[in-house]
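Trainee:
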Amino acid sequence: MAGRRSTKRFSPHPVELDKVLQIIQAGTLAPSSGNIQNWSFVVITDVGKIRALYHHTLDQDPFLSAMAAVIVCGDVEYAHSMYGMRGKRLYTVQNCAAAIQNMLLAAQAVGLGACWIGAFDEDKVSLMFNIPNHRHRPQAIILFGYAAEEPEPKGTKALESVVFFNEFGNCVLRPHLVFYDWATEWRNQAKNVKEHSVSAWHRLASQRRKDTVEKDASRGASERVSESSSGSSSDASIPGNDGSSRKRSPLELARERIRTRIEGLKREEYRREE
Ligand SMILES: Cc1cc2nc3c(=O)[nH]c(=O)nc-3n(C[C@H](O)[C@H](O)[C@H](O)COP(=O)(O)O)c2cc1C
Numbered sequence: 009m010a011g012r013r014s015t016k017r018f019s020p021h022p023v024e025l026d027k028v029l030q031i032i033q034a035g036t037l038a039p040s041s042g043n044i045q046n047w048s049f050v051v052i053t054d055v056g057k058i059r060a061l062y063h064h065t066l067d068q069d070p071f072l073s074a075m076a077a078v079i080v081c082g083d084v085e086y087a088h089s090m091y092g093m094r095g096k097r098l099y100t101v102q103n104c105a106a107a108i109q110n111m112l113l114a115a116q117a118v119g120l121g122a123c124w125i126g127a128f129d130e131d132k133v134s135l136m137f138n139i140p141n142h143r144h145r146p147q148a149i150i151l152f153g154y155a156a157e158e159p160e161p162k163g164t165k166a167l168e169s170v171v172f173f174n175e176f177g178n179c180v181l182r183p184h185l186v187f188y189d190w191a192t193e194w195r196n197q198a199k200n201v202k203e204h205s206v207s208a209w210h211r212l213a214s215q216r217r218k219d220t221v222e223k224d225a226s227r228g229a230s231e232r233v234s235e236s237s238s239g240s241s242s243d244a245s246i247p248g249n250d251g252s253s254r255k256r257s258p259l260e261l262a263r264e265r266i267r268t269r270i271e272g273l274k275r276e277e278y279r280r281e282e
């Protein structure tokens, strides 16, 4: 799902009919209100007709290269007879949308590019393909073909900006903290620490190399630089059992940082909740 994107430019390679039928089969597996499955699919294999659709679809470029298309129609009368206006206006749209999304994912699974087209002249398209649109309203045209472009991965809105808890508008930045899901917090923190430790280690190593070169230069090659002379800092030492102080290991320092950070996050989260 993360790799799916709309394809807007297709190669002239023909599309196998059995792939299109598999895709439609996937569409019919979608949920529908009361399982009424009030959809139908007009498959267009005639490339000339796909090109002719260009002018009924606000001159959209994907129609100039698509190699197959499917018009998805929704039976509004059937839905109306079952569920009244809600069935006609809402459920039909939702049923067909669920089928279309299944079809887009199926197209990706069989290696085809696809584009969902919603902007078209319903009357002209219906006339062109003899669709009795007073009952079987065209909901979308899906274009298919082998992709002639490599789309960029898509950015999605941050979850915390679209997810609310228990009340609309009630967003929580780190829901796992509210739900006491410490495993998630530890995993996040461990990832940060790992990245931090690796870069700290590189910094330390390069500092040591520099120190060694400088000391060698000033004191002569016979003097060795002791290991303990580099990278130490006052906050990096802790008292040992015998009263002496020893240097803290990077792991101990990292743990300390995580503990402090989690405490801070918890405090922030509770403040937000209040
Ligand atoms: C209801 C609907 C109508 C759409 N209509 C068009 C359209 O008319 N022309 C088009 O090029 N893309 C159309 N799209 C595709 C969107 O542009 C596309 O899904 C969106 O930019 C997100 O990109 P993605 O599919 O690569 O994730 C439509 C998509 C939906 C869901």
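Those letters in the sequence shown? Residues 9 to 282, by this note's numbering. All C-beta atoms, glycine included, are put in the ideal place defined by N, C-alpha and C. Predicted, not measured: the structure shown is a model, and the values here were computed from it.
Identify the residues that DSSP records as bridge partners of W124: which are they?
Mentor: Locating residue 124 in the sequence shown gives position 116, counting from the first residue. BP columns for W124 point to I150.
Trainee: Excluding the 5 residues preceding and the 5 following D131 in the sequence, name in chain order all residues of the same chain whose CB lies nearer than 8 Å to its CB.
Mentor: The residue labelled residue 131 in the question sits at position 123 within the sequence shown. Hits under 8 Å: N141.
Trainee: Whole-angstrom Cβ separation of F152 and A74, contact assumed at under 8 Å?
Mentor: As a working note, residue 152 is residue 144 in the sequence shown. As a working note, residue 74 is residue 66 in the sequence shown. Sure, about 6 Å apart at Cβ, within 8 Å.
Trainee: Please check the pair N178 and F187, which I expect to be a contact at CB under 8 Å, by giving their CB distance rounded to whole angstroms.
Mentor: Within the sequence shown, the letter at position 170 stands for residue 178. Within the sequence shown, the letter at position 179 stands for residue 187. Contact flag wrong, Cβ pair sits at about 14 Å.
Trainee: Kindly examine ligand 1 and report whether one of its heavy atoms sits closer than 7 Å to the Cβ of K3.
Mentor: In the structure as shown, the chain starts at 9 and stops at 282, and residue 3 therefore has no counterpart that could be examined.
Trainee: Tell me, which residues are paired with R145 by DSSP?
Mentor: For this step, residue 145 is matched to residue 137 along the sequence shown. Per DSSP, G82.
Trainee: I think G119 touches N103, with their Cβ atoms under 8 Å apart; what is that distance to the nearest whole Å?
Mentor: For the purposes of this step, residue 119 is taken as residue 111 along the sequence shown, with counting starting at 1. For the purposes of this step, residue 103 is taken as residue 95 along the sequence shown, with counting starting at 1. Not really, about 27 Å apart at Cβ, beyond 8 Å.
Trainee: Ordered along the chain, which non-local residues of its own chain (more than five positions away) have a Cβ less than 7 Å from that of L112?
Mentor: If you number the sequence shown from 1, residue 112 lands on position 104. Closer than 7 Å at the Cβ level, and outside the excluded window around L112, lie R12, A122 and W124.
Trainee: Given 8 Å as the limit, is there contact between the segment 85 to 104 and the segment 150 to 170, that is, 3 or more CB pairs closer than that?
Mentor: Touching, no, given that fewer than three Cβ pairs across the two stretches are closer than 8 Å.
Trainee: Quick one: residues in its chain with C-beta nearer than 6 Å to the C-beta of V133, no 5 flanking neighbours on either side, listed in chain order?
Mentor: Walking along the sequence shown from the start, residue 133 turns up at place 125. Closer than 6 Å at the Cβ level, and outside the excluded window around V133, lie H64 and P146.
Trainee: I believe S41 touches Y99 by the beta-carbon criterion, under 8 Å. Please report the beta-carbon distance rounded to the nearest angstrom.
Mentor: Within the sequence shown, residue 41 is the residue found at index 33, counting from 1. Within the sequence shown, residue 99 is the residue found at index 91, counting from 1. Indeed, because the Cβ distance is near 4 Å, the residues count as touching under 8 Å.
Trainee: Kindly examine ligand 1 and report whether one of its heavy atoms sits closer than 7 Å to the Cβ of A127.
Mentor: The residue labelled residue 127 in the question sits at position 119 within the sequence shown. It does: the Cβ of A127 is within 7 Å (strictly closer) of some heavy atom of ligand 1.
Trainee: So for K165, helix, strand or coil by DSSP?
Mentor: As a working note, residue 165 is residue 157 in the sequence shown. DSSP places K165 in coil when its eight states are reduced to three.
Trainee: So for R195, helix, strand or coil by DSSP?
Mentor: As a first step, residue 195 is located in the sequence shown; it is residue number 187 there, counting from the start. Three-state result, R195: helix.
Trainee: Is P70 near ligand 1, in the sense that its beta carbon is under 7 Å from a heavy atom of that ligand?
Mentor: The residue you call residue 70 lines up with position 62 of the sequence shown. Yes; taking the cut-off as 7 Å, the Cβ of P70 has a heavy atom of ligand 1 nearer than that.
Trainee: Within the same chain, show all residues whose beta-carbon is closer than 7 Å to that of E85, passing over the 5 residues directly before and after it, in chain order.
Mentor: By 1-based counting over the sequence shown, the position of residue 85 is 77. Cβ within range, chain order: R143.
Trainee: For P258 and S205, what's the separation of their Cα atoms in angstroms?
Mentor: Working through the sequence shown from its first residue, we reach residue 258 at position 250. Working through the sequence shown from its first residue, we reach residue 205 at position 197. Looking at the two C-alpha atoms, the distance is approximately 7 Å.
Trainee: Determine the DSSP secondary structure at F176, reduced to helix, strand or coil.
Mentor: Start at 1 with the first residue of the sequence shown, and residue 176 comes out as number 168. Of the three classes helix, strand and coil, the one that applies to F176 here is coil, per DSSP.
Trainee: I'd like the span of the alpha helix (DSSP H) that includes I52, first residue to last.
Mentor: The sequence position of residue 52 within the sequence shown is 44, counting from 1. Note, I52: premise wrong, no alpha helix (DSSP H); beta strand (DSSP E) at W47 to I52.
Trainee: Hey, how far is the Cα of E193 from the Cα of W209?
Mentor: Residue mapping note: residue 193 aligns to position 185 of the sequence shown, counting from 1. Residue mapping note: residue 209 aligns to position 201 of the sequence shown, counting from 1. Each residue's Cα considered, the two are about 24 Å apart.
Trainee: When you compare the CB positions of K16 and D69, do they come within less than 8 Å of one another, or not?
Mentor: Numbered from 1 along the sequence shown, position 8 holds the residue referred to as residue 16. Numbered from 1 along the sequence shown, position 61 holds the residue referred to as residue 69. Contact: yes.
Trainee: May I ask you to check if the CB of R97 is nearer than 7 Å to at least one heavy atom of ligand 1?
Mentor: For the purposes of this step, residue 97 is identified with residue 89 of the sequence shown, where counting begins at 1. Every heavy atom of ligand 1 is 7 Å or more from the Cβ of R97, so no.
Trainee: For G56 and Y62, I'd like the C-alpha separation in whole angstroms.
Mentor: As a position in the sequence shown, residue 56 is number 48, starting the count at 1. As a position in the sequence shown, residue 62 is number 54, starting the count at 1. In a straight line, the C-alpha of G56 is about 10 Å away from that of Y62.
Trainee: Determine, for S214, whether the minimum Cβ-Cβ distance to residues of chain B falls below 8 Å.
Mentor: This model lacks chain B altogether, as it is built from one protein chain only.
Trainee: Could you tell me whether the Cβ atoms of A156 and S19 are closer together than 8 Å?
Mentor: Numbered from 1 along the sequence shown, position 148 holds the residue referred to as residue 156. Numbered from 1 along the sequence shown, position 11 holds the residue referred to as residue 19. Yes.
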